[in-house]
Amino acid sequence: MKRNHLSLAIGLTLSLVALQAQAQDTAGTDENSSQATAATLDTIEVTARRRAESIDKVPVAVSAFGEDALRDLQATSIDGLQGAVPNMNIVQGRGSSNSVNVFIRGIGQPDALQTFDPGVGMYVDDVYYSRINGALFSLFDVSQVEVLRGPQGTLYGKNSTGGAVKITTRNPFDDQGGSVELTAGNFGRIEGRAYISDQLSDSVAMSLAAARITRDGYVTDPVTGREFNDEDTSAGRLKIAFRAGETFTGSVALDYTNQDNALTLGQPVAPLYAVNLAGGINILRLPTAGEYDFRTRTSFGPGQGQKMTHKGAALNLQWQLGEQWQAKSITAWRKLDTASFIDIDASEFELGDVFVGVDQRQVSQELQLQYDNGSNLQAIFGLYYMDEQVPSHQEAYADDFLRFGALPISFLRTIDDDLSNKSVAGFAHFDWEFAPSWTLAAGLRYTKDSKDYFRTTSTFSNLLGNANPALAFTISDSWTALTPSLGLQKAFSDNMMGYVSANRGYKAGGFNGRANAATEISAFEPEFVWTYEAGLKMRSDDGRLTGRIAAFHSQYKDFQARVSEIINPNDPIPNFAFPVLNAAELAIDGIEFEGVARLGEGTLLSTQLGWMNARYKEFNDPRVVVNPALANLHDNVPFSPDFTGRIALQHGFELPGGSLLTIGGDVSHRSETWLSVDNAPGLRQGAYTLAGLYAGWDSADGRWELRTGVRNLTDEVYKTDGQEFSSIGGIQTAYYGAPRNYYASLRFNF
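With our numbering, letter number 199 in the sequence shown gets 199, and the count goes up by one each step, no holes.
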């Protein structure tokens with residue numbers, strides 16, 4: 001199967017390269033004609049290297065999506081990019097309505113526990129968001145989204161071992177006027193979005209954006225009729241931009257998001273059981289046979305849902321210091337409050353039910369000094385500082401896990417902890433055109449992370465007794481890292497360039513945030529990855545075809561793996577633990593292709609292909625030493641399908657009177673994907689294909705837009721994420737993508 005996927009990826013890539021070369025040979029000479037202009041693809045600018053560059057010139061594997069492209073993807077939140085970026089997995093986090101699970105090229109972090117750092121950096125207007133909680137961004141007031149693939153350790157720092165996702169919001173000076181949009185769809189979907197921008201004077205402009213998003217749940221409790229997996233979000237952003245002549249620009253942004261959602265439920269995919277202290281186990285529930293029908297029970301009552309408030313302020317300043325030097329300052333404050341009930345076992349039993357309340361605050365400051373001599377040398381120097389505080393309160397309920405004969409044993413564990421995280425870094429990066437058409441890039445970043453962690457736990461039980469506190473400890477540690485980058489770029493012509501590069505990424509160490517006994521108190525070490533990449537970027541002479549190819553090899557060490565185990569299997573009362581191991585070393589190889597073709601006036605074809613071979617070179621799991629039968633737990637790397645591919649086609653028809661009708665659709669395919677570090681059979685998703693269709697009408701004056709579409713056209717049932725806590729009652733829970741959903745929206749621009 002891997003060989004077939006690789007052959008398909010290489011074959012399609014070579015075919016499109018040949019098509020592009022043919023187009024260059026046969027292109028007409030009158031590129032200024034109206035027909036040629038209508039058929040020319042727009043040039044996309046990205047800021048992957050912290051300055052504006054053409055996506056066809058920057059020696060980085062990067063995908064970019066403007067506002068129109070996001071609408072064509074039918075993406076209303078950041079996980080709508082799923083399928084549109086080669087070798088990327090981006091889905092709603094397991095059991096949470098506000099977290100995001102992002103893997104790029106086999107590297108990421110699915111666990112939202114605050115003691116884990118992300119594996120992919122998330123940025124809004126160059127401000128780093130340090131938690132995957134609160135990072136399932138609703139896409140409103142967005143100018144562009146960029147996805148940088150591969151480690152970004154030099155310019156973006158720690159926790160970008162897989163890559164970085166950058167969201168850029170609108171500039172009030174550039175987007176004058178506004179719009180109002182109303183959307184309605186099935187599952188009770190009602191959305192309202194509004195944007196208004198005005199230039200108040202020559203030096204000040206202001207914008208205000210707001211969104212109200214509601215949708216009924218698509219998962220139902222078959223007994224009570226309650227609905228889950230819904231959405232109730234309100235969000236807003238105020239942005240004030242200012243400038244003084246040609247030498248100074250800046251902006252102040254205030255944003256606020258509030259969510260009040262029901263539970264996010266999945267489905268048990270393994271038998272759930274209780275331990276009977278009088279002997280043996282009692283099976284509580286067997287997995288439901290057949291295809292998941294989006295019907296699931298829960299032990300939580302009404303009002304026990306998932307709430308989030310996420311807000312922040314950012315100040316961006318930029319000075320032009322003469323013709324060659326420019327200074328930037330990015331100052332930000334953010335606050336994230338969550339209060340979430342999570343039914344980990346997704347059943348009417350209390351086995352793995354938890355409450356997690358997080359009160360996260362972060363302050364960050366970045367200073368940049370950029371140099372450009374106007375000919376052959378560009379450089380950037382920077383300093384970065386972040387101070388993060390993450391106190392939390394957690395409760396774990398397991399009244400159905402232990403029994404003595406017919407007598408249930410109650411169990412409540414409370415946890416209060418506090419994580420303090422400080423990070424400082426300095427970096428430099430140079431681009432030097434040392435000979436005509438040849439450019440050398442080199443950079444280095446130094447990072448120091450310091451963390452202090454306090455945790456106390458208390459246990460309450462009617463038969464086992466109470467311990468208050470059962471455990472209390474404080475632990476501290478710090479880590480330093482050097483993350484260099486080196487690249488060589490060759491411009492073969494005005495429309496073709498190639499590059500080779502080597503980049504190192506670093507993900508900070510941390511502490512076991514699920515330690516409930518003295519033997520489990522531990523720190524885990526950082527992860528490191530080296531990625532070696534070669535790429536080719538092309539554009540046809542007539543501007544109708546673009547293609548970007550990248551091949552990479554990554555060496556990934558000290559993978560931070562959370563595993564689940566019973567540490568006293570021979571005792572009547574089980575004692576389970578969730579150690580975090582620097583368990584594994586991985587090798588990851590891959591090929592990626594992105595291509596866009598303007599087939600004629602009004603017709604656009606695009607494709608994204610990714611092939612990847614991620615495998616463990618070693619996985620040091622102490623459980624295997626005790627029980628060799630567990631050796632096959634780590635045959636597959638999670639969230640790393642061998643093949644991802646998408647093809648999209650769009651055509652526009654000009655109607656009488658000058659209005660425009662656009663129809664389009666896309667098909668994406670993803671091969672077999674494992675959804676947990678321990679390869680539990682029920683947490684495997686086989687290969688699947690999704691399709692979407694849309695149509696839009698734009699009035700001749702551009703004021704009115706009518707759009708309708710359908711996602712998951714074939715009503716595919718597919719898993720997106722999984723919980724694996726097998727040591728507690730056999731918990732293995734799968735979460736699913738939304739069933740077929742359709743909508744219509746009306747937008748007025750002014």
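Beta carbons: idealized from backbone N, C-alpha and C, even for Gly.
For residue j and residue i, the rounded distance between their alpha carbons
| i | j | result |
| --- | --- | --- |
| glutamine 199 | glutamate 67 | 21 Å |
| valine 180 | threonine 457 | 50 Å |
| glycine 600 | isoleucine 663 | 15 Å |
| glutamine 723 | isoleucine 240 | 42 Å |
| aspartate 175 | tryptophan 325 | 28 Å |
| alanine 550 | lysine 335 | 38 Å |
| phenylalanine 643 | leucine 70 | 23 Å |
| phenylalanine 528 | lysine 617 | 15 Å |
| alanine 518 | asparagine 512 | 11 Å |
| valine 100 | proline 436 | 44 Å |
| glycine 11 | tryptophan 611 | Caution is warranted here: a pLDDT of 49 is assigned to glycine 11, below 50, making its placement in the model unreliable, and the coordinate value is therefore given only provisionally. Computed Cα separation, rounded: 12 Å. |
| valine 147 | threonine 224 | 42 Å |
| asparagine 495 | tyrosine 156 | 28 Å |
| alanine 18 | valine 500 | Low confidence applies here, because alanine 18 scores a pLDDT of 43, under 50, leaving its location unreliable and the question unanswered by this model. |
| asparagine 627 | isoleucine 728 | 18 Å |
| valine 142 | alanine 467 | 50 Å |
| glutamine 74 | valine 354 | 33 Å |
Under the three-state DSSP convention, the category residue i falls into
| i | result |
| --- | --- |
| proline 622 | helix |
| aspartate 72 | helix |
| asparagine 632 | helix |
| proline 268 | strand |
| glutamate 753 | The question about residue 753 has no answer, for the chain in this structure spans 1 to 750. |
| glutamate 291 | coil |
| glutamate 601 | coil |
| leucine 536 | strand |
| glycine 682 | helix |
| tyrosine 742 | strand |
| leucine 139 | coil |
| glycine 153 | coil |
| alanine 515 | coil |
| glutamate 348 | coil |
| glutamate 433 | strand |
| leucine 277 | coil |
| isoleucine 728 | coil |
| asparagine 749 | strand |
| leucine 655 | coil |
| glycine 80 | helix |
Anticipated Cβ contact below 8 Å, residue i with residue j, distance rounded
| i | j | result |
| --- | --- | --- |
| tyrosine 742 | aspartate 721 | No, tyrosine 742 and aspartate 721 are not in contact; Cβ-Cβ is about 24 Å, not under 8 Å. |
| arginine 105 | glycine 543 | The pair is not a contact, with the Cβ atoms about 30 Å apart (cut-off 8 Å). |
| serine 130 | glutamate 348 | The Cβ separation is near 36 Å, so there is no contact. |
| alanine 274 | arginine 403 | 5 Å |
| glutamine 109 | leucine 136 | About 14 Å; that fails the 8 Å criterion. |
| glycine 163 | glutamine 152 | 6 Å |
| alanine 270 | alanine 314 | That belief does not hold up - the Cβ atoms of alanine 270 and alanine 314 are roughly 45 Å apart, past 8 Å. |
Within 8 Å, strictly: CB atoms of residue i and residue j
| i | j | result |
| --- | --- | --- |
| phenylalanine 559 | tyrosine 532 | no |
| glutamine 608 | valine 85 | yes |
| leucine 286 | isoleucine 731 | no |
| glycine 426 | serine 392 | no |
| aspartate 372 | glutamine 378 | yes |
| glycine 498 | lysine 507 | no |
| proline 268 | threonine 733 | yes |
| valine 563 | valine 677 | yes |
| aspartate 117 | asparagine 159 | yes |
| glutamine 47 | glycine 505 | Note on identity: in this sequence residue 47 is threonine, with glutamine being the wrong assignment. Contact flag unset, no. |
| threonine 447 | threonine 414 | no |
| glutamine 368 | serine 96 | no |
| aspartate 614 | leucine 586 | One point to set straight first is that residue 614 is alanine, not aspartate, in the sequence displayed. Yes, they are a contact pair. |
| proline 222 | glycine 535 | no |
8 Å Cβ shell around residue i - same chain, five flanking residues per side excluded
| i | result |
| --- | --- |
| threonine 76 | Ser138, Leu139, Glu191, Ile213 |
| glycine 188 | Thr214, Arg215, Asp216 |
| valine 688 | Reading off the sequence shown, one finds tyrosine at residue 688, where the question assumed valine. Around tyrosine 688: His669, Arg670, Glu716, Tyr718. |
| valine 62 | Val46, Ala48, Ile55, Glu146, Val147, Leu148, Arg149 |
Proximal residues to residue i (C-beta, below 7 Å), its chain only, five neighbours per side dropped
| i | result |
| --- | --- |
| glutamate 525 | Gly509, Asp558, Asn582 |
| leucine 463 | Phe404, Ile409 |
Chain-order list of residues whose beta-carbon lies under 6 Å from that of residue i (same chain, five-residue window excluded)
| i | result |
| --- | --- |
| alanine 756 | Nothing in the structure corresponds to residue 756, since the chain is present only between 1 and 750. |
| threonine 43 | Ser54 |
| phenylalanine 430 | Ala379, Ala442 |
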